[in-house]
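One structure below.
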Ligand SMILES: Cc1cc2nc3c(=O)[nH]c(=O)nc-3n(C[C@H](O)[C@H](O)[C@H](O)COP(=O)(O)OP(=O)(O)OC[C@H]3O[C@@H](n4cnc5c(N)ncnc54)[C@H](O)[C@@H]3O)c2cc1C
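In the working numbering, the protein residues as written are 4 to 400.
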């Protein structure tokens with residue numbers, strides 16, 4: 004097998020979200036398309052996404068939901084292949100789905116519905132997928148295009164599309180190949196780091212908060228740049244949950260976060276009123292209507308939490324409000340690529356066509372999906388970027 008040369012019009016590295024979408028579109032145009040992937044299964048990240056239900060897009064998508072050194076780059080692709088276009092395909096396949104908070108669309112049944120839809124479209128478009136295929140070398144283009152050496156033989160192609168994703172979850176076959184190819188062709192790469200990732204806590208905080216593991220609270224989490232209003236989740240390692248994952252993409256090591264655990268409550272007003280109405284009632288009974296008692300004890304201590312309201316001054320009320328509504332927490336770090344949903348940074352978009360995703364450095368070379376310096380918020384935005392960028396390349400490769 005290793006002596007064989009396979010000629011293709013389009014060779015795509017990566018059989019997951021962006022690669023499959025690009026393949027479908029190119030195949031529909033009559034192009035001869037082969038996808039290579041070193042995994043033993045296509046679309047592993049699709050299958051594990053959204054807790055197995057794949058948050059495949061969002062009803063409200065705009066450039067402001069993405070992080071990139073070039074904030075305009077994603078606009079063209081997102082408008083040419085929008086969330087509505089992907090929803091139309093999902094509807095055509097009668098895939099049941101529902102909207103969760105903030106416009107997030109999830110499958111009712113399973114993420115495999117989305118993967119099966121893409122694989123079925125690939126089949127219709129005559130796309131060939133080669134799994135368990137290890138790429139050993141990519142040769143510089145000549146008149147015949149690119150030459151790719153792999154564990155299953157040599158491929159020659161006119162268009163080479165890199166859809167190999169970022170670095171998150173190495174166990175799910177993530178690899179730096181995309182960045183290496185970009186470097187080979189003289190592309191600039193912005194430093195990469197884990198995004199949408201849980202925080203670990205300093206040893207002292209971990210001791211206090213680990214016992215709250217499993218508690219989720221609707222909160223507002225802020226740093227100097229951004230604020231997110233969603234759930235946070237205490238875990239045995241630190242902090243997770245949507246609002247934490249969102250802010251992690253904007254967090255710098257050493258930075259302190261502010262968390263409002265009761266964003267909708269006027270704590271001062273409530274405690275003053277209750278103090279005059281029910282002076283003997285304990286603080287934890289009043290606040291226990293809004294927050295789990297375990298959490299109140301960890302934050303306020305047993306003595307304060309058990310105090311009757313009449314024994315607490317208004318100044319103390321103000322301190323309590325501050326503790327719960329302006330909680331200052333300095334994470335120790337993040338859980339890293341092991342659990343991060345995405346990779347921040349990546350291939351500099353200034354060197355890529357925003358319309359076609361073609362490299363400005365090498366004719367016929369394309370980069371799509373997460374390998375580019377475009378990172379979405381939590382909420383279906385990363386898949387929408389994969390669909391949109393894959394679709395755009397698929398029109399021209
Ligand atoms: C746990 C988890 C949950 C997520 N949930 C959501 C969600 O619900 N909604 C959302 O929008 N986003 C979600 N994401 C993010 C989303 O999965 C990615 O942004 C998206 O899959 C990126 O698509 P991609 O095609 O660029 O790369 P990937 O989906 O990462 O695909 C890259 C492909 O390239 C292959 N590959 C890599 N290296 C090589 C190599 N050296 N040789 C050959 N093949 C290679 C891989 O095997 C893989 O098949 C989640 C991510 C994770 C990790």
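Glycine is no exception: its CB is placed at the ideal position from the N, C-alpha and C atoms.
- For residue 241, the enclosing beta strand (DSSP E) stretches over residues 241-243.
- In the DSSP assignment, residue 222 falls within the unbroken beta strand (DSSP E) covering 219-225.
- The beta carbon of residue 21 lies closer than 7 Å to those of 166, 371, 372, 389, 392, 393 in the same chain, with the five residues before and after it left out.
- Within 6 Å of the C-beta of residue 304 there is not a single heavy atom belonging to ligand 1.
- Across the structure, residue 351 and residue 123 are spaced so that their CA atoms are roughly 33 Å apart.
- In terms of side-chain proximity, the C-beta atom of residue 140 is found no nearer than 6 Å to any non-hydrogen atom of ligand 1.
- The beta strand (DSSP E) runs of length 3 or more contained entirely in the segment 168-223 are, from start to end of the chain, 192-198.
- Nearest Cα to residue 155 within the set 113, 138, 268: 138.
- At a cut-off of 6 Å, the beta-carbon of residue 40 counts as near ligand 1: some heavy atom of the ligand is closer than that.
- If you look at residue 384, you'll find it isn't in any beta strand (DSSP E); it sits in the alpha helix (DSSP H) that goes 384-397.
- Under the 8 Å Cβ criterion, the segment 52-66 does not count as touching the segment 28-39, having fewer than three qualifying pairs.
- Under the three-state reduction of DSSP output, residue 153 falls in the strand class.
- The segment 328-346 and the segment 185-199 touch, with no fewer than 3 CB-CB distances between them shorter than 8 Å.
- Residue side-chain check: residue 180 places its Cβ nearer than 6 Å to a non-hydrogen atom of ligand 1.
- Within the chosen limit of 6 Å, ligand 1 reaches the beta carbon of residue 172 through at least one heavy atom.
- Beta-bridge partners assigned by DSSP to residue 331: 261.
- For residue 10, the enclosing beta strand (DSSP E) stretches over residues 8-16.
- For residue 359, same chain residues with a beta-carbon under 8 Å away, outside a window of 5 residues either side, are 369, 395, 396, 398, 399 in chain order.
- Annotation for residue 249: 199, 224, 229, 231, 233, 380, 381 place their beta carbon closer than 8 Å to its own, counting only its chain and skipping 5 residues before and after.
- Counting every other CB atom within 10 Å of its CB across the protein chains shown gives residue 87 a total below 16, marking it as exposed.
- At the C-beta level, residue 14 and residue 109 stay beyond 7 Å of one another.
- Nearest to residue 331 by alpha-carbon distance, out of 282, 302, 262, is 262.
- Here residue 278 is buried, its C-beta having at least 16 other C-beta atoms within 10 Å.
- Looking only at 36, 63, 267, the smallest Cα-Cα distance to residue 132 is reached by 36.
- A straight-line Cα-Cα distance of about 8 Å links residue 168 and residue 178.
- Sorting 162, 44, 42, 337 by C-alpha distance to the C-alpha of residue 10 places 162 at the top.
- Residue 293 carries a coil assignment under DSSP once its states are collapsed to helix, strand and coil.
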